[in-house]
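Position one of the sequence shown corresponds to residue 1 (the UniProt record's numbering), numbered consecutively onward.
Every residue, glycine too, gets a C-beta built ideally from N, C-alpha and C.
Working notes, structure below.
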Amino acid sequence: MEKNLVTAITSVPGPHWTTERLTSRIVHLGCGAFHRAHQALYTHHVLEQTDSDWGYCEVNLTLNGASLIKNLKKQSMRYTVSEKGQGENTLKIIGSMKEGMHPLIDGVQAIIEKMANPDVAIISLTITEKGYCTDATTGRLDPNNELIIKDIANPAVPRSAIGYITAALKLRFERSLPAVTILSCDNVRENGHVAREAVLGLARLQDEELALWIEKQVTFPCTMVDRIVPAATPETLTEIAQQLGVEDPCAITCEPFRQWVIEDNFVNGRPDWDLAGAQFVDDVAPFEMMKLRMLNGAHSFLAYLGYLGGYTYISDTMKNADYRRAVYALMLNEQAPTLPMPEDSDLMAYADKLIERFTNPALKHQTWQIAMDGSQKLPQRMIDSIEWHLVQGSDYRHLTLGVAGWMRYISGVDEQGQPIDVRDPLKETFAAIFTKYDYSVAVVEDMVKELLEIESIFGKKLIKNCEFIDNVTKAYQNLLNFGARQAVAAL
Ligand code: NAI
Ligand code: CS2
């Protein structure tokens with residue numbers, strides 16, 4: 001018999017069931033690296049322990065997501081997860097996916113019909129921060145978002161994930177079908193509330209009755225999701241193929257650590273994800289803020305200043321004692337104090353664990369990957385905390401350097417004068433600002449001010465705060481004069 005992923009199961013732990021066992025009770029939008037190593041793996045572990053039939057219909061809406069769906073279908077929706085720590089490496093073949101869809105393969109209507117199928121009880125999402133099409137400062141649907149403009153004009157053939165969800169909910173409403181739970185699993189502040197505001201915002205523009213039904217019937221739990229899952233590379237895929245003895249283009253490598261805290265607010269049932277280690281709670285907010293500020297804030301700090309300092313991977317930046325010290329101080333001195341944690345929380349132990357996770361040399365997590373989409377990430381990772389410090393009158397120098405590092409990075413030219421491939425929905429806005437200024441000392445303050453005027457990132461208050469403007473300007477100037485490594489060392 002030709003060796004394939006199914007026959008490889010004899011040597012690697014994997015599902016002893018076929019897709020026949022599964023019902024697509026969850027439609028997942030955004031079958032990327034993270035979902036494969038997180039929610040799909042939790043669901044797989046529930047299937048291992050119970051007679052559950054909860055399975056996924058995987059949907060990718062972006063053009064570049066089609067090949068993964070095609071490849072998954074070729075291997076009966078199975079794929080490998082490689083969990084790699086210091087000296088440990090566990091392979092698992094995951095069997096929680098039943099089917100996969102893409103607009104180019106199946107058509108838009110078939111996907112909306114699937115989401116409206118009576119079997120479907122949950123629509124979950126990992127569509128990246130920008131996928132919600134909201135304005136970060138208001139948390140509301142952004143009517144100027146180019147996908148939303150198209151969805152308002154043509155709701156039956158949506159382009160955004162929010163448009164697909166709204167169209168599917170409309171069908172369920174019109175057909176008197178049970179409501180579903182919309183489960184955001186993105187690194188977005190109050191992700192459930194943001195998903196709700198976005199869907200309701202679009203529904204209200206289409207049909208007030210539909211909006212009322214959604215408001216009353218559909219639930220949008222918040223979640224805190226955590227597992228470091230870098231994008232797959234030819235190297236990670238080759239390594240897994242060598243271990244499996246068969247190629248798996250859908251395989252993904254991640255760290256051993258995983259965490260999932262979920263608000264227990266499901267309108268139409270859910271898998272017993274707690275059997276796989278998830279925590280169901282009434283209020284996710286403290287966990288979410290802790291993770292977004294201490295882990296993701298620190299990650300973004302390392303990404304911008306690490307990239308500028310010439311480091312390709314997060315684990316490389318952690319080898320530099322100055323970066324290591326700085327990121328620990330950022331977590332404990334500038335992020336931890338901002339958090340309204342229950343009394344028994346041990347944020348020092350949390351920070352220690354984060355340092356260990358970032359140091360994991362087995363993970364090739366590119367600073368460039370994390371640096372992506374900064375305009376969508378900065379508010380919840382750094383800006384909220386800066387505002388807290390300004391009210392308290394406390395020190396926030398690491399956060400200041402983090403923001404200046406982001407500004408220096410999005411200028412698009414590195415410390416050697418080489419171009420930086422900046423990926424961000426506001427990339428054109430940034431380019432328009434940077435082309436106006438050269439790097440002479442006299443204009444740095446004007447340039448910093450112009451960036452701080454971007455309200456969707458910085459809100460309305462910071463641009464009026466002279467102390468903050470002065471601090472960021474000086475930090476930016478230091479980056480220009482001395483470079484990122486020295487600026488980090490000087491902290
Ligand atoms: P990825 O690049 O592998 O996958 C991104 C997925 O989002 C793809 O399926 C793509 O089709 C979809 N997508 C992108 N833009 C979209 C849009 N505008 N509308 C609809 N779908 C869109 O990225 P990955 O690693 O899977 O991360 C995705 C998100 O998961 C992150 O942005 C973050 O919010 C969350 N996350 C990621 C973690 C990680 O370590 N990779 C850990 C914790 C959360
Ligand atoms: C990272 C996160 O890409 C990024 O912005 O900070 O995806 C990070 O790896 C996860 O949140 C870890 O759970």
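**Simplified DSSP state of residue 1, which is helix, strand or coil** = The pLDDT assigned to residue 1 is 40, lower than 50, so where the model puts this residue is not dependable, and the model offers no usable value.
**Those residues which DSSP pairs with residue 34 across a bridge** = DSSP lists no partner for residue 34.
**Request:** Report the partner residues of residue 83 according to the DSSP bridge assignment.
**Result:** Residue 83 has 90 and 254 as its beta-bridge partners, per DSSP.
**Beta-carbon gap between residue 73 and residue 107 smaller than 7 Å** = no
**Message:** Within the continuous alpha helix (DSSP H) that includes residue 238, where are the two ends?
**Reply:** DSSP places residue 238 inside the alpha helix (DSSP H), whose first and last residues are 234-244.
**Asked** Whose CA, out of 409, 429 and 155, lies closest to the CA of residue 420?
**Response** When each option's Cα is compared against that of residue 420, the closest is 409.
**Proximity winner among 337, 460, 199 and 15, relative to residue 211 (alpha-carbon distances)** = 199
**Prompt:** Within 10 angstroms of its Cβ, does residue 391 collect 16 or more other Cβ (buried), or is it exposed?
**Reply:** With fewer than 16 Cβ atoms within 10 Å of its Cβ, residue 391 is classed as exposed.
**Prompt:** Do the region 35-46 and the region 80-100 make contact, defined as three or more Cβ pairs closer than 8 Å?
**Reply:** yes
**Request:** Would you check whether the ligand NAI has a heavy atom nearer than 6 Å to the C-beta of residue 111?
**Result:** no
**Message:** For the ligand MN, is there any heavy atom lying closer than 6 Å to the beta carbon of residue 344?
**Reply:** This structure lacks the ligand MN; the ligands present are the ligand NAI and the ligand CS2.
**Prompt:** Curious, which full-length beta strand (DSSP E) runs of at least 3 residues does the region 35-84 contain?
**Reply:** 54-59
**Asked** Quick one: what does DSSP say residue 131 is sitting in, helix, strand or coil?
**Response** Three-state result, residue 131: helix.
**Request:** Quick one: which unbroken alpha helix (DSSP H) runs of 4-plus residues sit fully inside the region 180-212? Chain order, please.
**Result:** 191-206
**Request:** Just confirm the distance between the C-beta atoms of residue 330 and residue 426, as a whole number of angstroms; I'd bet it's less than 8 Å.
**Result:** Going by Cβ atoms, the distance from residue 330 to residue 426 rounds to 24 Å, so no, they are not a contact pair.
**Prompt:** What alpha helix (DSSP H) runs, 4 residues minimum, are completely inside the region 370-424?
**Reply:** 374-378, 384-392 and 397-410
**Message:** With H, G and I counted as helix, E and B as strand and the rest as coil, what does DSSP make of residue 263?
**Reply:** strand
**Item:** Rounded separation between residue 148 and residue 163 - CA only
**Value:** 7 Å
**Request:** Starting from the C-beta of residue 161, find all residues in its chain whose C-beta is less than 7 Å away, skip the five residues before and the five after it, and write them out in chain order.
**Result:** Taking C-beta separations shorter than 7 Å and ignoring five residues to either side along the sequence, the partners of residue 161 in its chain run 29, 61, 125, 127 and 131, following chain order.
**Item:** Bridge partner(s) assigned by DSSP for residue 26
**Value:** 56 and 122
**Request:** Given a cut-off of 7 Å, decide if residue 80 and residue 240 are closer than it, judged by their beta-carbon atoms.
**Result:** yes
**Asked** Distance, Cα to Cα, residue 138 vs residue 50?
**Response** 42 Å
**Request:** Would you mind reading off the limits of the beta strand (DSSP E) that contains residue 287?
**Result:** First-last for residue 287: 285-290, but that is the alpha helix (DSSP H), not the beta strand (DSSP E).
**Request:** Could you tell me which residues DSSP pairs with residue 140 in its beta bridges?
**Result:** 135
**Asked** Which residues share a DSSP beta bridge with residue 269?
**Response** Partner(s): none; residue 269 has no beta bridge.
**Message:** Taking 8 Å as the cut-off, does the region 250-265 touch the region 310-325 (at least 3 CB pairs, one atom from each stretch)?
**Reply:** With the cut-off at 8 Å, the region 310-325 and the region 250-265 do not touch.
**Asked** Buried or exposed: residue 203, going by 16 or more other Cβ atoms within 10 Å of its Cβ?
**Response** By the 10 Å Cβ count, residue 203 comes out buried.
**Request:** Would you decide whether residue 453 is buried or exposed? Buried here means 16 or more other CB atoms lie within 10 Å of its CB.
**Result:** exposed
**Asked** Whole-angstrom Cβ separation of residue 122 and residue 25, contact assumed at under 8 Å?
**Response** 7 Å
**Message:** Shorter than 6 Å, the distance from the beta carbon of residue 31 to the closest heavy atom of the ligand NAI, or not?
**Reply:** yes
**Segment contact, 8 Å Cβ cut-off, at least three pairs: the region 148-158 with the region 466-477** = Below 8 Å, too few C-beta pairs join the region 148-158 and the region 466-477 to call them touching: fewer than three.
**Asked** For residue 220, which of helix, strand or coil comes out of DSSP?
**Response** Of the three classes helix, strand and coil, the one that applies to residue 220 here is coil, per DSSP.
**Message:** Nearest by alpha-carbon distance to residue 119: which of 134, 57 and 87 is it?
**Reply:** Measuring from the Cα of residue 119, the nearest candidate turns out to be 57.
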